[in-house]
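First the structure, in the form of C-alpha coordinates, and then the observations on it.
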Amino acid sequence: MTTHPIANNIQSKLHKQEELINFFTKIGTFLSTQKNTNTLLELIVDVSMKITDSDGASLYIKETKEKKDYLRFKIARNHSRDFPFKEFVMPIDKNSIAGFSALTGNPYNFKSVDEIPDVLGIKYNDSFDKKINYKTINMLVIPMKNLKGEVIGILQLLNKKKHYDTVLTQFKSFCENIISYSDQEIHIISSLASSAAIVLERRKLYDEIQELFKTFTESMVTTIDQRDPSTAGHSVRVAKYATHFAKAVHNMDYGKYKDQTFSEQQLDEIYYAGLLHDIGKIGVKESVLLKEKRISEHEMEVIKYKFHYLKKHLQIKKLNNTITPSELVLFNDIDQYYNFIVSINSKNFIKEEELNQLQIISQTEFIDIDLQKKKILTENQLNHLSVQRGNLTDLERTSIEKHPLYTYEILKNISWGADLKNVPHIAAYHHEKLNGHGYPFHLEETEIPIQSKILAIVDIFDALTARDRPYKPALSITKTLDILSDEAEKNHIDKDLLDIFIHDILQ
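Here's what the structure looks like:
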(Lines of atoms letter the chains of each structure in order from A and count residues from 1; the text may use other names and numbers.)
(Lines give C-alpha, C1' and ligand atoms only; values in the text may rest on other atoms or scores of the structure.)
Protein backbone atom coordinates (compact mmCIF):
# COMPACT_ATOMS: atom_id res chain seq x y z
CA MET A 1 0.00 0.00 0.00
CA THR A 2 1.51 3.33 -1.08
CA THR A 3 1.14 6.58 0.84
CA HIS A 4 -0.29 9.59 -0.96
CA PRO A 5 2.30 12.39 -1.62
CA ILE A 6 0.09 14.95 0.15
CA ALA A 7 -0.07 12.68 3.19
CA ASN A 8 3.71 12.35 3.10
CA ASN A 9 4.08 16.11 2.98
CA ILE A 10 1.70 16.60 5.91
CA GLN A 11 3.50 13.92 7.90
CA SER A 12 6.85 15.56 7.14
CA LYS A 13 5.55 18.94 8.29
CA LEU A 14 4.11 17.43 11.48
CA HIS A 15 7.44 15.76 12.18
CA LYS A 16 9.21 19.08 11.66
CA GLN A 17 6.78 20.85 14.00
CA GLU A 18 7.33 18.15 16.60
CA GLU A 19 11.07 18.62 16.27
CA LEU A 20 10.67 22.37 16.72
CA ILE A 21 8.59 21.90 19.88
CA ASN A 22 11.22 19.51 21.27
CA PHE A 23 13.97 21.94 20.34
CA PHE A 24 12.30 24.87 22.09
CA THR A 25 11.49 22.77 25.16
CA LYS A 26 15.11 21.71 25.50
CA ILE A 27 16.39 25.18 24.73
CA GLY A 28 14.07 26.78 27.28
CA THR A 29 15.30 24.41 29.98
CA PHE A 30 18.93 24.84 28.96
CA LEU A 31 18.78 28.61 28.74
CA SER A 32 17.22 28.86 32.20
CA THR A 33 19.89 26.69 33.84
CA GLN A 34 23.10 27.26 31.88
CA LYS A 35 25.42 29.84 33.43
CA ASN A 36 28.30 29.67 30.98
CA THR A 37 27.81 32.45 28.41
CA ASN A 38 30.02 30.84 25.76
CA THR A 39 28.07 27.59 26.04
CA LEU A 40 24.83 29.53 25.60
CA LEU A 41 26.13 31.24 22.47
CA GLU A 42 27.29 27.96 20.97
CA LEU A 43 23.89 26.42 21.70
CA ILE A 44 22.11 29.28 19.93
CA VAL A 45 24.22 28.76 16.81
CA ASP A 46 23.99 24.97 16.75
CA VAL A 47 20.24 24.85 17.34
CA SER A 48 19.54 27.60 14.81
CA MET A 49 21.50 25.69 12.19
CA LYS A 50 19.58 22.47 12.88
CA ILE A 51 16.16 24.14 12.92
CA THR A 52 16.79 25.82 9.56
CA ASP A 53 18.97 23.07 8.02
CA SER A 54 21.73 25.66 7.55
CA ASP A 55 25.20 24.66 6.42
CA GLY A 56 26.91 27.57 8.17
CA ALA A 57 26.41 30.26 10.79
CA SER A 58 28.11 33.21 12.43
CA LEU A 59 27.34 34.99 15.67
CA TYR A 60 28.36 38.51 16.69
CA ILE A 61 28.02 40.02 20.17
CA LYS A 62 27.72 43.75 20.79
CA GLU A 63 30.42 45.27 22.99
CA THR A 64 31.02 48.80 24.21
CA LYS A 65 34.50 50.20 24.63
CA GLU A 66 35.30 53.81 25.45
CA LYS A 67 31.65 54.76 24.81
CA LYS A 68 31.76 53.29 21.28
CA ASP A 69 29.84 50.19 20.19
CA TYR A 70 31.43 47.29 18.32
CA LEU A 71 30.49 43.80 17.15
CA ARG A 72 32.71 40.95 18.25
CA PHE A 73 32.83 38.08 15.78
CA LYS A 74 32.38 35.41 18.42
CA ILE A 75 31.43 32.12 16.73
CA ALA A 76 31.65 30.65 13.23
CA ARG A 77 30.32 27.23 12.19
CA ASN A 78 30.31 25.36 8.89
CA HIS A 79 29.00 21.84 8.37
CA SER A 80 30.91 21.29 5.14
CA ARG A 81 34.27 22.97 5.84
CA ASP A 82 36.86 22.98 8.60
CA PHE A 83 38.71 26.25 8.99
CA PRO A 84 40.71 28.16 11.61
CA PHE A 85 38.70 30.74 13.53
CA LYS A 86 39.88 33.82 15.38
CA GLU A 87 37.77 36.40 17.16
CA PHE A 88 37.91 40.03 16.08
CA VAL A 89 35.89 43.21 16.49
CA MET A 90 34.29 45.37 13.83
CA PRO A 91 32.48 48.72 13.98
CA ILE A 92 28.70 48.91 13.92
CA ASP A 93 28.12 50.75 10.68
CA LYS A 94 26.68 50.23 7.19
CA ASN A 95 29.89 48.79 5.74
CA SER A 96 29.10 45.19 6.72
CA ILE A 97 25.99 43.00 6.66
CA ALA A 98 26.12 42.33 10.42
CA GLY A 99 26.85 45.98 11.18
CA PHE A 100 23.97 47.10 8.97
CA SER A 101 21.50 44.80 10.77
CA ALA A 102 22.83 45.86 14.19
CA LEU A 103 22.44 49.52 13.24
CA THR A 104 18.92 49.22 11.82
CA GLY A 105 17.63 46.39 14.01
CA ASN A 106 16.10 44.76 10.92
CA PRO A 107 16.26 41.08 9.90
CA TYR A 108 17.20 40.24 6.31
CA ASN A 109 16.39 37.17 4.20
CA PHE A 110 18.68 37.17 1.17
CA LYS A 111 17.58 34.45 -1.24
CA SER A 112 20.84 35.20 -3.03
CA VAL A 113 23.87 37.18 -1.87
CA ASP A 114 23.57 38.97 -5.21
CA GLU A 115 20.61 40.85 -3.67
CA ILE A 116 22.78 42.46 -1.00
CA PRO A 117 24.00 45.47 -3.08
CA ASP A 118 20.43 46.37 -4.03
CA VAL A 119 19.07 46.01 -0.49
CA LEU A 120 21.95 47.33 1.62
CA GLY A 121 24.03 49.24 -0.89
CA ILE A 122 27.16 47.18 -0.12
CA LYS A 123 28.81 44.29 -1.91
CA TYR A 124 29.00 40.82 -0.39
CA ASN A 125 32.61 40.12 0.59
CA ASP A 126 33.43 36.63 -0.72
CA SER A 127 37.13 36.66 0.27
CA PHE A 128 36.54 34.19 3.09
CA ASP A 129 34.57 31.88 0.75
CA LYS A 130 37.51 31.80 -1.63
CA LYS A 131 39.93 31.09 1.19
CA ILE A 132 38.06 27.92 2.24
CA ASN A 133 36.87 26.95 -1.28
CA TYR A 134 33.25 27.62 -0.43
CA LYS A 135 30.27 29.44 -1.96
CA THR A 136 27.65 31.34 0.03
CA ILE A 137 24.40 31.37 -1.92
CA ASN A 138 21.76 32.64 0.50
CA MET A 139 21.71 34.14 3.98
CA LEU A 140 19.38 34.85 6.88
CA VAL A 141 20.44 37.73 9.14
CA ILE A 142 18.66 38.01 12.50
CA PRO A 143 19.29 40.73 15.15
CA MET A 144 19.20 39.47 18.74
CA LYS A 145 17.13 41.92 20.79
CA ASN A 146 16.65 42.28 24.53
CA LEU A 147 13.43 43.26 26.33
CA LYS A 148 14.05 46.91 25.52
CA GLY A 149 14.28 46.10 21.83
CA GLU A 150 18.00 46.90 21.82
CA VAL A 151 20.26 44.82 19.57
CA ILE A 152 22.82 42.90 21.62
CA GLY A 153 24.04 40.60 18.87
CA ILE A 154 23.63 39.36 15.30
CA LEU A 155 23.00 35.81 14.13
CA GLN A 156 23.80 34.97 10.50
CA LEU A 157 22.68 31.68 8.94
CA LEU A 158 23.77 30.71 5.44
CA ASN A 159 23.10 28.11 2.80
CA LYS A 160 19.84 26.46 3.81
CA LYS A 161 19.92 22.83 2.64
CA LYS A 162 17.21 20.37 1.71
CA HIS A 163 18.64 18.02 4.35
CA TYR A 164 20.74 19.11 7.31
CA ASP A 165 23.17 16.18 7.12
CA THR A 166 24.16 16.88 3.53
CA VAL A 167 27.81 17.86 3.15
CA LEU A 168 28.43 20.36 0.36
CA THR A 169 31.53 19.37 -1.58
CA GLN A 170 31.66 20.48 -5.21
CA PHE A 171 30.03 23.70 -6.37
CA LYS A 172 27.52 21.56 -8.26
CA SER A 173 26.23 20.17 -4.97
CA PHE A 174 25.61 23.73 -3.74
CA CYS A 175 23.18 24.40 -6.59
CA GLU A 176 21.44 21.04 -6.18
CA ASN A 177 20.97 21.21 -2.40
CA ILE A 178 20.49 24.89 -1.45
CA ILE A 179 16.94 26.20 -1.02
CA SER A 180 15.57 29.52 0.24
CA TYR A 181 14.81 30.38 3.86
CA SER A 182 11.09 30.76 4.53
CA ASP A 183 9.35 33.69 6.22
CA GLN A 184 8.30 31.30 8.96
CA GLU A 185 11.97 30.59 9.70
CA ILE A 186 12.58 34.31 10.13
CA HIS A 187 9.92 34.37 12.86
CA ILE A 188 11.17 31.16 14.48
CA ILE A 189 14.83 32.20 14.60
CA SER A 190 13.91 35.75 15.63
CA SER A 191 11.92 34.29 18.52
CA LEU A 192 14.80 32.01 19.51
CA ALA A 193 17.33 34.84 19.17
CA SER A 194 15.19 37.17 21.30
CA SER A 195 14.73 34.53 24.00
CA ALA A 196 18.47 33.89 24.02
CA ALA A 197 19.18 37.63 24.05
CA ILE A 198 17.04 38.10 27.15
CA VAL A 199 18.79 35.21 28.92
CA LEU A 200 22.18 36.59 27.89
CA GLU A 201 21.23 40.02 29.23
CA ARG A 202 20.14 38.48 32.50
CA ARG A 203 23.34 36.47 32.63
CA LYS A 204 25.36 39.60 31.91
CA LEU A 205 23.51 41.46 34.67
CA TYR A 206 24.10 38.53 37.04
CA ASP A 207 27.81 38.52 36.16
CA GLU A 208 28.00 42.29 36.65
CA ILE A 209 26.33 41.98 40.07
CA GLN A 210 28.73 39.18 40.97
CA GLU A 211 31.69 41.29 39.85
CA LEU A 212 30.32 44.30 41.73
CA PHE A 213 29.97 42.23 44.90
CA LYS A 214 33.44 40.72 44.44
CA THR A 215 35.21 44.02 43.83
CA PHE A 216 33.24 45.75 46.61
CA THR A 217 34.19 43.00 49.06
CA GLU A 218 37.84 43.09 47.99
CA SER A 219 37.90 46.88 48.30
CA MET A 220 36.22 46.77 51.72
CA VAL A 221 38.65 44.10 52.97
CA THR A 222 41.64 46.05 51.66
CA THR A 223 40.37 49.14 53.48
CA ILE A 224 39.88 47.19 56.72
CA ASP A 225 43.31 45.60 56.33
CA GLN A 226 44.81 49.09 56.12
CA ARG A 227 43.67 49.60 59.72
CA ASP A 228 46.67 47.42 60.46
CA PRO A 229 49.21 48.29 57.72
CA SER A 230 51.50 45.50 58.90
CA THR A 231 48.97 42.89 57.69
CA ALA A 232 47.71 44.71 54.59
CA GLY A 233 47.18 42.27 51.73
CA HIS A 234 46.96 39.25 54.03
CA SER A 235 43.25 38.57 53.47
CA VAL A 236 43.45 38.78 49.68
CA ARG A 237 46.45 36.45 49.64
CA VAL A 238 44.69 33.97 51.95
CA ALA A 239 41.61 33.99 49.68
CA LYS A 240 43.70 33.24 46.59
CA TYR A 241 45.79 30.58 48.35
CA ALA A 242 42.66 28.90 49.71
CA THR A 243 40.90 28.80 46.33
CA HIS A 244 43.98 27.39 44.61
CA PHE A 245 44.36 24.88 47.46
CA ALA A 246 40.71 23.75 47.18
CA LYS A 247 41.13 23.18 43.43
CA ALA A 248 44.15 20.99 44.14
CA VAL A 249 42.11 18.94 46.65
CA HIS A 250 39.31 18.67 44.07
CA ASN A 251 41.76 17.18 41.55
CA MET A 252 43.27 14.62 43.95
CA ASP A 253 42.93 11.01 42.80
CA TYR A 254 44.51 9.34 45.82
CA GLY A 255 44.59 9.57 49.60
CA LYS A 256 42.06 10.61 52.20
CA TYR A 257 40.52 13.36 50.06
CA LYS A 258 40.43 11.62 46.68
CA ASP A 259 36.61 11.79 46.65
CA GLN A 260 36.42 15.40 47.84
CA THR A 261 35.02 17.76 45.21
CA PHE A 262 34.17 21.44 45.15
CA SER A 263 31.59 23.02 42.86
CA GLU A 264 32.10 26.50 41.41
CA GLN A 265 29.76 27.84 44.08
CA GLN A 266 31.78 26.15 46.84
CA LEU A 267 34.99 27.61 45.43
CA ASP A 268 33.33 31.02 45.58
CA GLU A 269 32.40 30.33 49.21
CA ILE A 270 36.03 29.54 50.02
CA TYR A 271 37.22 32.67 48.25
CA TYR A 272 34.83 34.98 50.12
CA ALA A 273 35.47 33.22 53.43
CA GLY A 274 39.20 33.74 52.87
CA LEU A 275 38.67 37.40 52.06
CA LEU A 276 36.53 38.00 55.14
CA HIS A 277 38.07 35.62 57.69
CA ASP A 278 39.63 38.50 59.68
CA ILE A 279 36.83 41.04 59.30
CA GLY A 280 36.02 40.48 62.98
CA LYS A 281 39.24 42.31 63.86
CA ILE A 282 37.32 45.56 63.49
CA GLY A 283 35.88 44.63 66.92
CA VAL A 284 39.36 44.46 68.49
CA LYS A 285 40.84 47.63 70.05
CA GLU A 286 43.61 49.19 67.98
CA SER A 287 45.87 49.26 71.05
CA VAL A 288 45.73 45.46 71.00
CA LEU A 289 45.48 44.86 67.26
CA LEU A 290 48.42 47.14 66.40
CA LYS A 291 50.54 46.21 69.40
CA GLU A 292 54.14 45.71 68.30
CA LYS A 293 55.89 45.72 71.68
CA ARG A 294 55.02 44.74 75.23
CA ILE A 295 54.17 48.29 76.23
CA SER A 296 53.43 51.30 74.05
CA GLU A 297 55.79 54.13 73.11
CA HIS A 298 53.76 56.44 75.34
CA GLU A 299 54.18 54.12 78.33
CA MET A 300 57.91 53.84 77.61
CA GLU A 301 58.16 57.63 77.66
CA VAL A 302 56.54 57.62 81.11
CA ILE A 303 59.01 54.99 82.34
CA LYS A 304 61.90 56.93 80.79
CA TYR A 305 60.75 60.04 82.61
CA LYS A 306 60.60 58.19 85.96
CA PHE A 307 64.12 56.77 85.53
CA HIS A 308 65.40 60.18 84.49
CA TYR A 309 63.69 61.84 87.47
CA LEU A 310 65.08 59.24 89.89
CA LYS A 311 68.56 59.52 88.43
CA LYS A 312 68.54 63.31 88.81
CA HIS A 313 67.32 62.98 92.40
CA LEU A 314 70.12 60.54 93.26
CA GLN A 315 72.66 62.68 91.44
CA ILE A 316 71.73 65.69 93.58
CA LYS A 317 72.00 63.60 96.74
CA LYS A 318 75.40 62.36 95.63
CA LEU A 319 76.61 65.90 94.99
CA ASN A 320 75.34 66.92 98.44
CA ASN A 321 76.95 63.85 100.05
CA THR A 322 73.57 62.76 101.39
CA ILE A 323 73.25 59.60 99.31
CA THR A 324 73.02 56.29 101.20
CA PRO A 325 75.08 53.20 100.24
CA SER A 326 72.02 51.43 98.83
CA GLU A 327 71.09 54.57 96.87
CA LEU A 328 74.63 54.75 95.50
CA VAL A 329 74.35 51.17 94.21
CA LEU A 330 71.06 52.10 92.59
CA PHE A 331 72.60 55.23 91.06
CA ASN A 332 75.38 53.14 89.51
CA ASP A 333 72.91 50.59 88.11
CA ILE A 334 70.05 52.84 87.04
CA ASP A 335 71.09 53.27 83.39
CA GLN A 336 71.60 49.51 83.11
CA TYR A 337 68.13 48.97 84.57
CA TYR A 338 66.51 51.29 82.06
CA ASN A 339 68.38 49.77 79.10
CA PHE A 340 67.31 46.32 80.29
CA ILE A 341 63.65 47.35 80.22
CA VAL A 342 64.04 48.85 76.74
CA SER A 343 65.57 45.56 75.58
CA ILE A 344 62.87 43.43 77.22
CA ASN A 345 60.13 45.53 75.63
CA SER A 346 61.24 44.50 72.12
CA LYS A 347 61.87 40.81 72.76
CA ASN A 348 59.59 38.05 71.51
CA PHE A 349 60.64 35.68 74.32
CA ILE A 350 62.26 36.29 77.71
CA LYS A 351 64.04 33.78 79.91
CA GLU A 352 63.40 32.99 83.57
CA GLU A 353 66.51 34.86 84.72
CA GLU A 354 65.32 37.91 82.80
CA LEU A 355 61.94 37.66 84.52
CA ASN A 356 63.74 37.54 87.88
CA GLN A 357 65.80 40.60 86.98
CA LEU A 358 62.61 42.42 85.95
CA GLN A 359 61.08 41.64 89.35
CA ILE A 360 64.15 43.08 91.11
CA ILE A 361 64.01 46.27 89.04
CA SER A 362 60.27 46.63 89.62
CA GLN A 363 60.86 46.94 93.37
CA THR A 364 62.81 50.16 92.84
CA GLU A 365 61.04 53.10 94.48
CA PHE A 366 61.27 56.86 94.21
CA ILE A 367 59.64 59.96 95.70
CA ASP A 368 57.54 61.62 93.02
CA ILE A 369 56.88 65.37 92.74
CA ASP A 370 53.71 64.89 94.79
CA LEU A 371 55.98 63.60 97.58
CA GLN A 372 54.41 60.17 97.35
CA LYS A 373 56.59 57.06 97.32
CA LYS A 374 56.03 55.09 94.11
CA LYS A 375 57.51 52.11 92.34
CA ILE A 376 59.46 52.67 89.16
CA LEU A 377 57.11 50.29 87.30
CA THR A 378 53.36 50.23 87.85
CA GLU A 379 51.66 46.89 88.33
CA ASN A 380 50.16 47.18 84.82
CA GLN A 381 53.56 47.98 83.23
CA LEU A 382 55.16 45.06 85.07
CA ASN A 383 52.33 42.78 83.94
CA HIS A 384 52.87 43.73 80.26
CA LEU A 385 56.67 43.47 80.45
CA SER A 386 56.46 40.06 82.16
CA VAL A 387 54.72 38.32 79.23
CA GLN A 388 57.12 35.47 78.56
CA ARG A 389 56.24 34.79 74.89
CA GLY A 390 54.95 37.35 72.41
CA ASN A 391 53.69 40.73 73.57
CA LEU A 392 50.06 40.15 74.53
CA THR A 393 48.81 39.73 78.06
CA ASP A 394 46.27 36.98 78.78
CA LEU A 395 43.49 39.57 78.74
CA GLU A 396 44.66 41.02 75.41
CA ARG A 397 45.07 37.56 73.87
CA THR A 398 41.54 36.65 74.94
CA SER A 399 40.33 39.86 73.30
CA ILE A 400 42.04 39.20 69.99
CA GLU A 401 41.00 35.53 70.01
CA LYS A 402 37.40 36.71 69.90
CA HIS A 403 37.85 38.09 66.38
CA PRO A 404 36.54 34.89 64.68
CA LEU A 405 33.41 35.19 66.81
CA TYR A 406 33.04 38.82 65.71
CA THR A 407 33.60 37.64 62.13
CA TYR A 408 30.69 35.23 62.46
CA GLU A 409 28.44 37.84 64.08
CA ILE A 410 29.12 40.27 61.21
CA LEU A 411 28.82 37.76 58.36
CA LYS A 412 25.73 35.92 59.61
CA ASN A 413 23.67 39.10 59.14
CA ILE A 414 24.49 39.28 55.42
CA SER A 415 22.03 37.70 52.98
CA TRP A 416 24.44 35.35 51.20
CA GLY A 417 21.88 33.39 49.22
CA ALA A 418 21.90 29.64 48.71
CA ASP A 419 25.22 29.55 46.80
CA LEU A 420 27.25 31.28 49.52
CA LYS A 421 25.31 30.37 52.66
CA ASN A 422 28.32 28.67 54.34
CA VAL A 423 30.66 31.67 54.17
CA PRO A 424 30.04 32.80 57.80
CA HIS A 425 30.87 29.40 59.29
CA ILE A 426 33.86 28.70 57.02
CA ALA A 427 35.38 32.07 57.86
CA ALA A 428 34.64 31.90 61.59
CA TYR A 429 36.24 28.46 62.11
CA HIS A 430 39.72 29.24 60.73
CA HIS A 431 41.32 29.19 64.21
CA GLU A 432 39.70 25.94 65.32
CA LYS A 433 42.06 22.99 65.95
CA LEU A 434 41.46 19.31 65.28
CA ASN A 435 42.13 18.46 68.94
CA GLY A 436 39.32 20.76 70.09
CA HIS A 437 41.66 23.32 71.67
CA GLY A 438 41.15 26.01 69.03
CA TYR A 439 39.16 29.18 69.46
CA PRO A 440 36.63 30.64 69.89
CA PHE A 441 34.19 27.72 69.53
CA HIS A 442 36.49 24.82 70.60
CA LEU A 443 35.10 22.55 67.87
CA GLU A 444 36.05 18.91 67.47
CA GLU A 445 37.64 17.69 64.22
CA THR A 446 34.38 16.31 62.82
CA GLU A 447 32.66 19.65 63.40
CA ILE A 448 35.18 21.65 61.37
CA PRO A 449 34.39 21.84 57.62
CA ILE A 450 37.24 21.02 55.24
CA GLN A 451 37.07 24.57 53.87
CA SER A 452 37.98 25.93 57.32
CA LYS A 453 40.79 23.39 57.64
CA ILE A 454 42.17 24.70 54.33
CA LEU A 455 41.89 28.30 55.57
CA ALA A 456 43.72 27.41 58.80
CA ILE A 457 46.76 26.15 56.88
CA VAL A 458 47.03 29.03 54.41
CA ASP A 459 46.38 31.59 57.17
CA ILE A 460 49.37 30.33 59.16
CA PHE A 461 51.51 29.99 56.03
CA ASP A 462 50.89 33.58 54.90
CA ALA A 463 51.29 35.04 58.40
CA LEU A 464 54.72 33.40 58.74
CA THR A 465 56.03 34.14 55.25
CA ALA A 466 54.62 37.67 54.82
CA ARG A 467 57.37 40.19 54.06
CA ASP A 468 55.34 43.27 54.93
CA ARG A 469 55.30 42.93 58.73
CA PRO A 470 57.75 45.40 60.29
CA TYR A 471 57.74 43.82 63.72
CA LYS A 472 59.10 40.47 62.54
CA PRO A 473 61.14 39.17 59.61
CA ALA A 474 59.54 36.80 57.13
CA LEU A 475 60.36 33.16 57.73
CA SER A 476 61.76 30.97 54.96
CA ILE A 477 59.50 28.40 53.31
CA THR A 478 61.55 25.63 54.93
CA LYS A 479 61.18 27.06 58.45
CA THR A 480 57.48 27.76 57.85
CA LEU A 481 56.84 24.19 56.73
CA ASP A 482 58.67 22.92 59.82
CA ILE A 483 56.27 24.94 61.98
CA LEU A 484 53.24 23.71 60.01
CA SER A 485 54.45 20.11 60.29
CA ASP A 486 54.79 20.57 64.04
CA GLU A 487 51.22 21.93 64.14
CA ALA A 488 50.05 18.83 62.26
CA GLU A 489 51.90 16.53 64.69
CA LYS A 490 50.14 18.25 67.57
CA ASN A 491 46.82 17.58 65.81
CA HIS A 492 46.15 21.28 65.38
CA ILE A 493 45.86 21.21 61.57
CA ASP A 494 45.02 18.45 59.08
CA LYS A 495 48.13 16.45 58.14
CA ASP A 496 46.65 15.06 54.91
CA LEU A 497 45.69 18.53 53.73
CA LEU A 498 49.13 19.84 54.66
CA ASP A 499 50.72 17.12 52.50
CA ILE A 500 48.59 18.25 49.54
CA PHE A 501 49.55 21.87 50.22
CA ILE A 502 53.26 21.03 50.29
CA HIS A 503 53.37 18.70 47.28
CA ASP A 504 50.69 20.17 45.00
CA ILE A 505 50.73 23.88 45.82
CA LEU A 506 54.30 24.74 46.80
CA GLN A 507 56.16 22.35 44.47
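Numbering (our numbering), first residue to last: 30 to 536. Glycine included, every Cβ here is placed at the ideal spot set by N, Cα and C.
Which full runs of the alpha helix (DSSP H) of 4+ residues lie inside the segment 115-193, going along the chain?
Here the runs fully enclosed are 126-133, 145-149 and 156-160.
State the Cα-Cα distance for the pair Leu169 and Ser130, rounded to the nearest angstrom.
When only Cα atoms are considered, Leu169 and Ser130 end up about 11 angstroms apart.
Please determine if the segment 285-301 and the segment 395-405 are in contact, where contact requires at least 3 C-beta pairs separated by less than 8 angstroms.
Result no; under three Cβ-Cβ pairs closer than 8 angstroms.
Could you have a look at Leu88 and say whether DSSP puts it in helix, strand or coil?
Leu88: strand per DSSP, three-state reduction.
Would you check if the segment 439-447 and the segment 328-337 touch, i.e. whether three or more CB-CB distances between them fall below 8 angstroms?
Of all C-beta pairs linking the segment 328-337 to the segment 439-447, fewer than three are shorter than 8 angstroms, placing the two stretches out of contact.
Report the CB separation of Arg110 from Val74 in whole angstroms; it is logged as a contact under 8 angstroms.
That pair is no contact at about 15 angstroms.
By how many angstroms is the C-alpha of Val148 removed from the C-alpha of Pro136?
Using only the alpha carbons, I get a separation of about 12 angstroms.
Could you give the DSSP three-state label for Ser83: helix, strand or coil?
Here Ser83 sits in strand by DSSP.
On the criterion of 16 or more Cβ atoms from any shown chain inside 10 Å, does Ile161 qualify as buried, or is it exposed?
Classification for Ile161: exposed.
Nearest to His108 (by Cα), restricted to the options Lys91, Asp84 and Val118
For His108, the closest C-alpha among the options Lys91, Asp84 and Val118 is that of Asp84.
Run the CB neighbour count on Thr272, radius 10 Å, all protein chains shown included, and call it buried at 16 or more, exposed below.
Buried.
Give the range of the beta strand (DSSP E) segment to which Ile390 is assigned.
Per DSSP, Ile390 belongs to no beta strand (DSSP E); it is in the alpha helix (DSSP H), Glu381 to Ser391.
Check whether the segment 425-443 and the segment 306-325 are in contact - that is, three or more C-beta pairs closer than 8 angstroms.
With a cut-off of 8 angstroms, the segment 306-325 and the segment 425-443 count as touching, because enough Cβ pairs lie within range.
Is DSSP giving Ala503 helix, strand or coil here?
It is coil, neither helix nor strand.
So, does the segment 520-527 touch the segment 463-470, judging by three or more C-beta pairs under 8 angstroms?
The segment 520-527 is in contact with the segment 463-470.
Would you please state the rounded distance, in angstroms, between the beta carbons of Gly299 and Ile483? I believe it to be under 8 angstroms.
In the sequence as presented, Gly is not what sits at residue 299; that position holds Ile. Here Ile299 really is in contact with Ile483; their C-beta atoms are around 7 angstroms apart, less than 8 angstroms.
Between Ile439 and Asn412, what straight-line distance do the alpha-carbon atoms span, to the nearest angstrom?
Distance between the alpha carbons of Ile439 and Asn412: 33 angstroms.
Once the 5 residues before and after Leu517 are set aside, which same chain residues still bring their CB inside 8 angstroms of it?
Per the sequence shown, residue 517 should be read as Ala rather than Leu. Sequence-distant partners of Ala517 (beyond 5 residues in either direction) whose C-beta falls short of 8 angstroms from its own C-beta, in its chain, are Asp523, Lys524 and Leu527.
Does the beta-carbon of Asn188 have 16 or more other beta-carbons within 10 angstroms, so that it is buried, or is it exposed?
Counting Cβ neighbours within 10 Å, Asn188 comes out buried, since at least 16 surround it.
Alpha-carbon spacing of Asp307 relative to Phe114, whole angstroms:
Distance between the alpha carbons of Asp307 and Phe114: 47 angstroms.
According to DSSP, simplified to helix, strand and coil, what is Glu205?
Helix at Glu205.
Neighbourhood of Asp122 by C-beta distance below 6 angstroms, restricted to the same chain and skipping five residues each side
Leaving aside the five residues that flank Asp122 on each side, the residues in its chain whose CB is nearer than 6 angstroms to its CB run, in chain order, Gly128.
Would you kindly work out how many angstroms separate the C-alpha atoms of Ile90 and Gly182, rounded to a whole number?
So the two alpha carbons sit approximately 4 angstroms from each other.
C-alpha gap between Thr353 and Glu382, whole angstroms
Cα to Cα, Thr353 sits roughly 28 angstroms from Glu382.
Mind checking which residues open and close the alpha helix (DSSP H) that includes Lys314?
Lys314 -> no alpha helix (DSSP H), and no H or E assigned at all.
Measuring CA to CA, which of Ser505, Asp488, Ala503 and Thr507 is closest to Lys269?
Cα-wise, what sits closest to Lys269 is Asp488.
Here's the rule: buried if 16 or more other CB atoms are within 10 angstroms of the residue's CB, otherwise exposed. What is Pro499?
Summary for Pro499: the model assigns pLDDT 48, below 50, so the residue's position carries little reliability, and this model does not support an answer.
Please state the DSSP three-state secondary structure of Arg106.
Note: Arg106 maps to strand in three-state DSSP.
Helix, strand or coil for Met30? Go by DSSP, reduced to three states.
Because the pLDDT of Met30 is 49, which lies under 50, any placement of that residue in the model is unreliable, and the question is left without a value.
Using DSSP with H/G/I as helix, E/B as strand and the rest coil, what is Arg256?
DSSP, reduced to helix, strand and coil, places Arg256 outside both helices and strands of the structure shown, so it counts as coil.
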